[in-house]
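Undergrad: Here it is, the structure, as structure tokens.
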Amino acid sequence: MTTELTVTRGRGAEPRPPRRDDNDDIGSGKSWRYKLTRLDVKFSPYLYIAPFFVLFAVVGLFPLLYTAYISLFDWELGGDEQPFVGIDNYTELLADSQFWNAMVNTLSIFAMSTLPQIVTAVLLAVLLNTALRGRTGWRMGVLLPYVASLVALTIIFGDLFGVQYGIINDLIEMVGLDRIDWQAERWWSHVAIASMVNWRWTGYNALIVLAAMQAIPRDIYEAAWVDGASKVRQFFSITLPMLRPTLIFVVVTSTIGGLQIFTEPLLFSPSAGVNGGATNQYQTVVLYMYSSGFRSFDLGYASAMAWVLFVVIIAIAGINFMLTRKLASSGEA
Amino acid sequence: MRYRRAGLAKVLACTAVLAAAATACGSGESGTSADGKVELTVATFNQFGYEELFKEYEAANPNVKITERKTGQASPHHQNLFTKLGAGSGLADIEAVEEGFLSQVMAKSGQFENLKEIGPKDVREDRWLQWKTDAVTTKDGKLIGYGTDIGPLAMCYRKDLFEAAGLPSDPEGVKPLFATWDSYFEAGDRYVAATGGKAWFDSAAQIFNPMHNQASVGYFDRDDKLVIETNDDKKIFEQVAGAVARKQSAKLAAWSPEWETGFKQSAFATKTCPSWMLGVIEGNAGPEHKGKWAVTAAFPGGGGNWGGSYLTVPKQGKNKAEAVKLAAWLTAPEQQIKAFKAKGTFPSQTEALISPELLNQTNEYFGGEKVGMLFSEQANKVAAAQYKGPKDGEIQDNVVSPALLAVEQGTSVGDAWKTVVEGAQKAAK
């Protein structure tokens, strides 16, 4: 509806190239100016969007390609020479147990964060979509964790999950269970880190889903209501399928973000730093990449890792895209 | 049509500016300002206490203008240093280097000026403590840095906890406990037994590092060959791990929030204590523990050093002749005493170490102890600089310390040592 409106409006309408017969009265002396106008109309739009693409080429595309180039060398930062080694970095990487350990950690933290996060976000959006008192307040409230500084958040969570003096362990002990070593035990450390990710992103995703939910026409619900569909049936047969494009967006962005987790594991224990725990139990791929590149200064190896991670992210984002499309299409979730 | 053309021009200009802004990064340091003054940049981190000294130098040398580039923490400062060494430009005229990163800098010593060659001839090597200068001298005898401050090690301990456990508690009486590492761990056993299992020290890595540094051979021999399997490290590692098994460690990794809380909770009774640690203890333990912490002029196995920095002059600088003059002036005993008074950085110059201003410094939090004299004495106990290979810092921080943490978290000593050897070999490769 809205698109039709803008087209009929005078201002903002697309400039139409002047037709030749419009200019019949203009003499041949003005054809230079006419040509300029034509060029202007043809190329100006590209120039208007050029700044983005020029910037992207400089700070996005170039580093991407240069990283691929570096990954073929034994490139030590500040080293005297950088010999060409072909795909040696890649073969070494695929045989590196620490890399696979980091990959498993990343996928584990990613699974623990993305899945519950999106389910919670959709449910939260359903709740926020009901007639609550002070709706705006609630809606803004879920965004607060996202606004807060990530570093401050991580430090606070690190404190909460403290092994000896953390509140969460105190609570667990109060209930009568054993204290958990959130640092030392691999899966528990993943739970702790995933909870930071969830805390930060759930509200943000809920708002995006909520916006999409509000765009679903009410009359579809009314028709379903008349046909006697229950609220649950309405949710699965109307809401979810209509949310499909938004869910795909949310899943793909969370995949990209989730596989690049860095700050949370880095700051989870300030003393562990780039190691991600004493035995690398929560070292993610990006953390290992950073450690190789900027702790060991082995830029070639780190670049190879960056490319492998890039491919993995594209693959997983693709799988998620298909899964989401399937899940949210037929109405049979 | 006129307005349209203006629009087009604007877009073009805009694109050009953006492109220029994105590509032209950090070039064009002329070295001299418009009024013909020599511009010197000095890159430091944390607190060097140089602000007033710069003003003083500028007043005495009207042709020099000094800009300080200060980074909050040591880590990003050195990362910047290594990145720009790699890039070949962008460094300050004088770059500060911290002891923990020195081995990496020494591995790239070719990119720094030999200060023996270009420095003022009146700067003699005996200006500094022998070990301080030795650590920054390359194998072929080049001196690439002037020493600024140091962190001589002493022992800090909890007087009240010692008393309660029936151990001697006055600074003279505890000295025999801290004579050797054997006596230290033995006292630890007595403490753990008397207190029903309270910890003796904060974490294993904090004990291993000074023990390792006291050994005659470090991770690498002088030919940069990894010798971790044949030097004393295995013995030291097992000794520390043994103490962990006997419940002497509070298992609080240094600089973690839990470690900071540990000071308040009286989680451990002793702390290996470089001069700058006094402030850290005071901050973490809080006013309620005032007078309970004490420090004594003893350190197991002799002496040691943790921390301290150097000023270097990278070869890529524009005003190396002027830079080295400033670096020499800043690291002279008179100036370092002023920096000590301003920010408490403990001087590395022999003359500064006997200055009355330093010797008379006391610390109220530590029961009015004459800490200036105490740490001056400790600084002279440091035997010799251990040779550090290029990957020394990385092995220490990323291989050995995590392995000791793993031991504290339940990994067996044998497995942990295996990961140390493998990790060190990987790092040294």
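Protein chains in written order, with the working numbering: chain X, 1 to 333; chain Z, 334 to 762. Backbone N, C-alpha and C define an ideal beta-carbon position, used for all residues, glycine too.
With DSSP as the reference, label residue 605 of chain Z as helix, strand or coil.
TA: Residue state, collapsed to three classes: strand.
Undergrad: Bridge partners for residue 205 of chain X per DSSP, in chain order?
TA: The partner list for residue 205 of chain X (beta bridge, DSSP) is empty, contrary to what the question assumes.
Undergrad: Which term fits residue 492 of chain Z, buried or exposed, when burial requires 16 or more other beta carbons within 10 angstroms of its beta carbon?
TA: The residue in question, residue 492 of chain Z, is buried, as its Cβ has 16 or more Cβ neighbours within 10 Å.
Undergrad: Quick one: give me the first and last residue of the alpha helix (DSSP H) that residue 497 of chain Z is part of.
TA: Here the alpha helix (DSSP H) through residue 497 of chain Z covers 492-497.
Undergrad: How far does the alpha helix (DSSP H) with residue 118 of chain X in it extend, from its first residue to its last?
TA: 97-128 is the span of the alpha helix (DSSP H), which, as asked, contains residue 118 of chain X.
Undergrad: To the nearest whole angstrom, what separates the beta carbons of residue 698 of chain Z and residue 626 of chain Z, a pair I think is in contact under 8 Å?
TA: Contact flag correct, Cβ pair sits at about 7 Å.
Undergrad: I'd like the span of the alpha helix (DSSP H) that includes residue 759 of chain Z, first residue to last.
TA: Where residue 759 of chain Z is concerned, the enclosing alpha helix (DSSP H) stretches over 746-761.
Undergrad: Are the C-beta of residue 276 of chain X and some C-beta of chain Z separated by less than 7 Å?
TA: Not closer than 7 Å to any Cβ of chain Z, the Cβ of residue 276 of chain X fails to qualify, so no.
Undergrad: Could you please give me the residues that DSSP links to residue 445 of chain Z through a beta bridge?
TA: Beta-bridge pairing links residue 445 of chain Z to Z:647.
Undergrad: Under the rule that 16 or more other beta-carbon atoms within 10 Å means buried, what is residue 441 of chain Z, buried or exposed?
TA: That one is buried.
Undergrad: Can you list the alpha helix (DSSP H) stretches of 4 or more residues lying completely in the region 413-464 of chain Z, in chain order?
TA: Here the runs fully enclosed are 435-439, 448-451.
Undergrad: Suppose you measure from the CA of residue 40 of chain X to the CA of residue 129 of chain X; what does that come to, to the nearest Å?
TA: Rounded to the nearest angstrom, the two C-alpha atoms are 47 Å apart.
Undergrad: With a threshold of 16 other CB atoms inside 10 Å of the CB of residue 745 of chain Z, please say whether the residue is buried or exposed.
TA: So residue 745 of chain Z counts as exposed.
Undergrad: Contact check, residue 299 of chain X vs residue 70 of chain X under 8 Å by CB: the rounded distance?
TA: About 6 Å; that satisfies the 8 Å criterion.
Undergrad: Could you tell me which whole alpha helix (DSSP H) segments of length 4 or greater appear in the region 537-573 of chain Z?
TA: For the region 537-573 of chain Z, whole alpha helix (DSSP H) runs of length 4 or above, ordered along the chain, are 537-547.
Undergrad: With a threshold of 7 Å between beta carbons, is residue 302 of chain X in contact with chain Z?
TA: False, the Cβ-Cβ gap to chain Z never drops below 7 Å.
Undergrad: For residue 219 of chain X, which residues from the same chain have a beta carbon less than 8 Å from its beta carbon, with the 5 sequence-adjacent residues on both sides left out?
TA: Excluding residues within five positions, none has a Cβ falling inside 8 Å.
Undergrad: Can you name, in chain order, every residue of its own chain whose Cβ lies under 6 Å from the Cβ of residue 204 of chain X, other than the five neighbours on each side?
TA: Closer than 6 Å at the Cβ level, and outside the excluded window around residue 204 of chain X, lie 146.
Undergrad: I want to see whether chain X comes within less than 7 Å of residue 409 of chain Z, judged by CB atoms only; does it?
TA: Closer than 7 Å: no.
Undergrad: Given that a residue counts as buried once 16 or more other Cβ atoms are within 10 Å of its Cβ, and exposed if not, what is residue 33 of chain X?
TA: Exposed is the call here.
Undergrad: Per DSSP, which one or two residues make a beta bridge with residue 399 of chain Z?
TA: According to DSSP, residue 399 of chain Z bridges with Z:373.
Undergrad: Assign residue 748 of chain Z to buried or exposed, taking buried as 16 or more other Cβ atoms, counted over all protein chains shown, within 10 Å of its Cβ.
TA: Classification of residue 748 of chain Z: exposed, given that the 10 Å Cβ count is below 16.
Undergrad: Can we say the region 561-568 of chain Z touches the region 523-530 of chain Z, given the rule of at least three CB pairs closer than 8 Å?
TA: With the cut-off at 8 Å, the region 561-568 of chain Z and the region 523-530 of chain Z do not touch.
Undergrad: Looking at the unbroken alpha helix (DSSP H) that takes in residue 251 of chain X, where does it start and where does it end?
TA: Residue 251 of chain X -> alpha helix (DSSP H) spans 244-258.
Undergrad: Could you list the residues in the region 560-589 of chain Z with a C-beta less than 9 Å from some C-beta on chain X, going in chain order?
TA: Residues 583, 584, 585, 586, 587, 588, 589.
Undergrad: Between residue 728 of chain Z and residue 552 of chain Z, which are expected to be in contact by the criterion C-beta below 8 Å, what is the C-beta distance as a whole number of angstroms?
TA: At roughly 5 Å, the Cβ-Cβ gap stays under 8 Å, so residue 728 of chain Z and residue 552 of chain Z are in contact.
Undergrad: Would you list the residues sitting across from residue 702 of chain Z in a DSSP beta bridge?
TA: In DSSP, residue 702 of chain Z forms a bridge with Z:696.
Undergrad: Report yes if the CB atom of residue 284 of chain X is closer than 7 Å to the CB atom of residue 106 of chain X, and no otherwise.
TA: In contact: residue 284 of chain X and residue 106 of chain X (Cβ atoms closer than 7 Å).
Undergrad: Listed in chain order, which residues of the region 397-430 of chain Z have Cβ atoms closer than 8 Å to some Cβ of chain X?
TA: Listed by position along the chain: 412, 415, 416, 418, 419.
Undergrad: Would you report the Cα separation of residue 466 of chain Z and residue 720 of chain Z, rounded to the nearest angstrom?
TA: Rounded to the nearest angstrom, the two C-alpha atoms are 12 Å apart.
Undergrad: Buried or exposed: which applies to residue 537 of chain Z, given that a residue is buried once 16 or more other Cβ atoms fall within 10 Å of its Cβ?
TA: By the neighbour-count rule (16 or more Cβ atoms within 10 Å), residue 537 of chain Z is buried.
Undergrad: Compare the beta carbon distance of residue 424 of chain Z and residue 723 of chain Z with 7 Å and say whether it is the shorter of the two.
TA: No, Cβ-Cβ distance for residue 424 of chain Z and residue 723 of chain Z is not below 7 Å.
Undergrad: Scan the region 604-678 of chain Z and note each continuous beta strand (DSSP E) run of 3 residues or more that stays entirely inside, going in chain order.
TA: DSSP runs (the beta strand (DSSP E)) wholly in the region 604-678 of chain Z: 626-629, 638-645.
Undergrad: Could you confirm whether any beta carbon from chain Z is found closer than 7 Å to the beta carbon of residue 22 of chain X?
TA: In this prediction, residue 22 of chain X scores a pLDDT of 49, lower than 50, which makes its location untrustworthy; no coordinate-derived value is stated.
Undergrad: Helix, strand or coil: how does DSSP classify residue 743 of chain Z here?
TA: Coil at residue 743 of chain Z, not helix or strand.
Undergrad: Closer than 8 Å, Cβ to any Cβ of chain Z: which residues of the region 281-312 of chain X, in chain order?
TA: Residues passing the 8 Å Cβ filter: 291, 294, 295, 296, 297.
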